[in-house]
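Just so we're aligned: the sequence shown equals residues 8 to 319 in our numbering.
Backbone N, C-alpha and C define an ideal beta-carbon position, used for all residues, glycine too.
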Amino acid sequence: MKVIDAHCDVLNKMMLHPEIDFHDADRLNVTLERLIEAGSVLQLFAVYMSVQIVNPQFDHILKAIDLFASKIVSHPKMMQIRSAADLRQAEAEGRIGAMLTLEGVEALMGRELYLRTLFHLGVRSIGITWNYANWAADGVKEPRQGGFTLKGKQFVKQCDELGMILDVSHLTEKGFWELTEMSERPFIASHSNAYVISPNERNLTKDQIQAILQKDGRIGLTFIPPLVNSEKPAVMTDLLRHIDYIASLGGSKHIGFGSDFDGTAQFTNGLEHMGRYNALAELLANHYSNDFVEGLLHRNWRSFFDKQLPAT
Ligand SMILES: [Zn+2]
8 MKVIDAHCDV LNKMMLHPEI DFHDADRLNV TLERLIEAGS VLQLFAVYMS VQIVNPQFDH
68 ILKAIDLFAS KIVSHPKMMQ IRSAADLRQA EAEGRIGAML TLEGVEALMG RELYLRTLFH
128 LGVRSIGITW NYANWAADGV KEPRQGGFTL KGKQFVKQCD ELGMILDVSH LTEKGFWELT
188 EMSERPFIAS HSNAYVISPN ERNLTKDQIQ AILQKDGRIG LTFIPPLVNS EKPAVMTDLL
248 RHIDYIASLG GSKHIGFGSD FDGTAQFTNG LEHMGRYNAL AELLANHYSN DFVEGLLHRN
308 WRSFFDKQLP AT
């Protein structure tokens with residue numbers, strides 16, 4: 008089974024612990040071997056502005072990208088994805104695609120030059136905030152629950168012009184609705200679930216899900232336990248309820264996965280590392296048609312990126 012996963016924090020772990028390499032199964036949930044085991048065809052790698060970094064500088068992002076280039080896509084089995092043509096090439100050559108994303112725009116300091124530079128380096132999706140406020144917008148745990156600043160609105164426009172895909176996971180609801188008004192392009196929630204199924208501030212309400220579907224965006228269901236099940240220890244079958252709910256709203260072609268592996272120390276039971284996608288695929292196959300399962304595991308993300316990434 009082919010797998011596309013829209014969010015992991017391997018780069019952050021490697022930034023904090025430079026001795027970790029991409030084969031370290033004791034310290035990483037996502038390793039090269041586990042990507043192969045899972046049947047991964049595309050993994051998104053987030054450059055995350057860790058809260059441990061008090062004064063984020065653009066240098067931090069460059070270091071993470073340097074690490075991505077030297078430790079991850081340097082392997083002949085891997086290939087950096089910047090375009091729809093790259094996706095086809097990786098597929099033809101049997102290599103695993105790796106795409107850069109950014110989580111939190113702190114270090115861009117409102118500078119379009121930095122944004123454009125990241126696009127040139129292959130960053131193809133940006134989550135405006137992590138959980139708190141920055142110069143562009145408020146994150147979901149910021150007490151005042153604001154939306155975008157004036158600079159943040161300009162930033163959205165610049166992203167639209169560049170073709171940078173925006174990611175609303177972690178954004179406040181106010182910010183979410185401002186974005187639906189401002190941006191022409193479809194956006195994604197790379198690692199969020201359904202609020203109705205698991206009431207957590209990081210999850211999407213019914214209206215938010217419908218707005219994403221209406222724009223032909225995508226939702227990456229995440230394995231972060233409280234987002235999967237806010238009441239009991241999360242188990243794999245809980246994900247089925249999120250899938251069924253979003254599908255019932257007309258989203259069967261819009262659901263994928265965004266694990267958040269290496270971004271959290273707690274796991275949904277049965278989903279402890281990338282290799283466990285095999286068990287998830289088996290569970291899904293017991294509940295849904297082959298066609299539907301393929302959509303969830305890779306095709307829904309693939310159709311989105313085929314359309315939204317630069318052609319070449
Ligand atoms: Zn996140």
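Distances taken from the Cβ of Gly270 to the heavy atoms of ligand 1 include one shorter than 7 Å. Distance from the CA of Asp245 to the CA of Arg95, rounded to the nearest whole angstrom, comes to 33 Å. DSSP, read as helix, strand or coil, puts Gly257 in coil. Straight-line spacing of the CA atoms in Ile135 and Leu178 works out to 7 Å. Taking 7 Å as the cut-off, one finds at least one heavy atom of ligand 1 near enough to the beta carbon of Asp267. Relative to the Cα of Ile216, the nearest Cα in the group Glu188, Pro233, His261 belongs to His261. By the CB criterion at 8 Å, Asp269 and Lys20 fall inside the cutoff. Between Lys78 and Met22, the C-beta gap is not smaller than 8 Å, which leaves the two residues out of contact.
Secondary structure of Asp16 (DSSP, three-state): coil. If you check the CB distance, Phe264 and Asp12 come in under 8 Å.
As computed with DSSP, Val242 is found in a beta bridge with Asn276. Take Tyr284, set aside five residues on each side of it, and the residues of its chain with a beta-carbon closer than 6 Å to its own are Val10, Ala45, in chain order.
Inter-residue distance for Leu316 and Arg123 is about 15 Å (C-alpha atoms, whole angstroms). If only complete runs of 4 or more residues are kept, the region 195-232 shows the alpha helix (DSSP H) at 213-221, in order along the chain. Taking a contact to require three or more Cβ pairs closer than 8 Å, the region 161-177 and the region 115-130 qualify as touching. At a Cβ-Cβ threshold of 8 Å, Arg225 and Ile195 count as neighbours. Relative to ligand 1, the beta carbon of Glu110 is positioned inside 7 Å of a heavy atom. DSSP places Leu173 within a strand segment (E or B) once states are collapsed to three. DSSP lists Asp12, Ala105 as the bridge partner or partners of Gln50.
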